[in-house]
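Chemist: The sequence shown runs contiguously to residue 340 in this note's numbering.
The beta carbon of each residue, even a glycine, is placed where N, CA and C say it ideally should be.
One structure, pasted below without further comment.
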Amino acid sequence: MQEDRRLAVLRAIVEDYVSTREPVGSKALVERHRLGVSPATVRNDMAALEEEGLIAQPHTSAGRIPTDKGYRFFVDRLTQIKPMSAAERRAISTFLEGAHDLDDVIQRTVRVLAQLTQQIAIVQYPSLARSTVRHIELVSLSPSRLLIVLILSTGRVEQRMIELPADLDTGSLSSLRSRILHAAVGESITDAANALGALTEQTDHVNRTHVAVIATALVEAMSNERQTERVVVGGTANLARFGDGFDQSIKPMLEALEEHVVLLRLLGEATSSDSLTVRIGAEGPYQELSSTSVIATGYGPGDDAVGSLGIVGPTRMDYPGSMAAVRAVARYVSTILDQA
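Okay, structure coming up:
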């Protein structure tokens, strides 16, 4: 019973501090929350929480604020993530479904995530290492010219126009298309490239040159995806609304966030679309970001994540609401990519 009450006191301190940005006193807790005990009992509970390192007193005669350990304790004991309102879900859906290509999806995702959470939003472009071949189409433009269309699970589309070494009739093209689809569709980029190379060796001499040219073009199109992993950031202006000393951390924080390798490492643990990663304060990999928290998750069609997205902000953030927003946006992006 006592532990439950102290958790309720800690939860109230976290909620009030996030809301007011001011240290929280026992009298204020009793007035704002129905704790069912006297201010003296709350003071005893606060003393116990402080002894455990879950809250701290920033200066003499002030109220208490949560520590990083306190935020972690609070987050770990959230029984459920705060549900998004119907209006919020509708806004996310409407905004993201208006996207017309992958670049637009990413840009819109950054904007809506930053707006919902009022934090810095980070979205990683779908990763080559986690993408697969969804479809390949061979379109005959003339007996000796083909348009090759490669569609990946990330939603990206690559096109190549190739000249064949000799004319290819409709029947032979249909046969080659079937063999290429069987070899590559559903495979990872690396496995698909290897399968196409093996297919060339397995093809009879008459059609081998055709298969070699087509396979080379497809592998080149896949290799175009082997670009440096890209990350898009939005909402940095949201940092301007934070004070209480956090403004002293903004410059080194922004300098750190300019490095994409930093951003990728922040999102690096979020490789599953089924769970959220929450890192608080010094739990993160960079000293420059020790006054911040990161909430991230994976996204992608089906069960496999092809990229990650999340937010970075001060440790004093609305964890339940931010976690709900990150999860909801990731699910909508996953749905859009699945339908692409």
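For E15, count neighbouring Cβ atoms within 10 angstroms of its own Cβ and tell me buried if that reaches 16, exposed if not.
Modeler: Classification of E15: buried, given that the 10 Å Cβ count is 16 or more.
Chemist: Where V262 and L152 are concerned, what is the direct C-alpha to C-alpha distance, given to the nearest angstrom?
Modeler: Those two C-alpha atoms are separated by around 27 Å.
Chemist: For P165, count neighbouring Cβ atoms within 10 angstroms of its own Cβ and tell me buried if that reaches 16, exposed if not.
Modeler: P165 comes out exposed.
Chemist: Per DSSP, G298 forms a beta bridge with which residues?
Modeler: The partner list for G298 (beta bridge, DSSP) reads S308.
Chemist: Are D167 and S144 closer than 8 Å when you measure CB to CB?
Modeler: Their beta carbons are under 8 Å apart, which means D167 touches S144 by this criterion.
Chemist: Can you give me the C-alpha to C-alpha distance between L35 and A8, rounded to a whole angstrom?
Modeler: Distance between the alpha carbons of L35 and A8: 7 Å.
Chemist: How about L150 and I136: are their beta carbons less than 8 Å apart?
Modeler: Yes, the pair counts as a contact, with Cβ atoms nearer than the cut-off.
Chemist: What are the uninterrupted segments assigned as beta strand (DSSP E) that are 3 or more residues long and contained completely in the stretch 105 to 162, given in chain order?
Modeler: Counting only runs of 3 or more, we get 120 to 124, 133 to 142, 145 to 152.
Chemist: Is it buried or exposed for R265, if we count other Cβ within 10 angstroms and need 16 for buried?
Modeler: R265 is exposed by the Cβ-count criterion.
Chemist: Are the CB atoms of G186 and V133 nearer to each other than 8 Å?
Modeler: Yes, the pair counts as a contact, with Cβ atoms nearer than the cut-off.
Chemist: Indicate whether A305 and L267 have their beta-carbon atoms separated by less than 8 Å.
Modeler: No, the Cβ-Cβ distance between A305 and L267 is not below 8 Å.
Chemist: Might you give, ordered along the chain, the residues of its own chain that have their beta carbon closer than 7 Å to the beta carbon of V213, omitting 5 neighbours on each side?
Modeler: The answer, listed in chain order, is I162, L164, P165.
Chemist: Cα separation between T190 and S223?
Modeler: Between T190 and S223, the C-alpha separation is close to 9 Å.
Chemist: What is the DSSP secondary structure of R234, reduced to helix, strand or coil?
Modeler: Reading off the sequence shown, one finds Gly at residue 234, where the question assumed Arg. Three-state result, G234: strand.
Chemist: Would P83 pass as a contact of A324 if the rule is Cβ separation under 8 Å?
Modeler: Yes, Cβ-Cβ distance for P83 and A324 is below 8 Å.
Chemist: So, with DSSP's three-state summary, where would you put G98?
Modeler: DSSP places G98 in coil when its eight states are reduced to three.
Chemist: Taking A114 as the reference, which of S322, V278, D338, G98 has the closest Cα?
Modeler: Checked all of S322, V278, D338, G98; the closest Cα to A114 is S322.
Chemist: When you compare only the Cα positions, how much space is there between T335 and G300?
Modeler: Each residue's Cα considered, the two are about 8 Å apart.
Chemist: Taking the alpha-carbon of V278 as reference, which of D76, A192, V139 has the nearest alpha-carbon?
Modeler: Nearest of D76, A192, V139 to V278, Cα basis: D76.
Chemist: Give the range of the alpha helix (DSSP H) segment to which V30 is assigned.
Modeler: Note, V30: alpha helix (DSSP H), 26 to 32.
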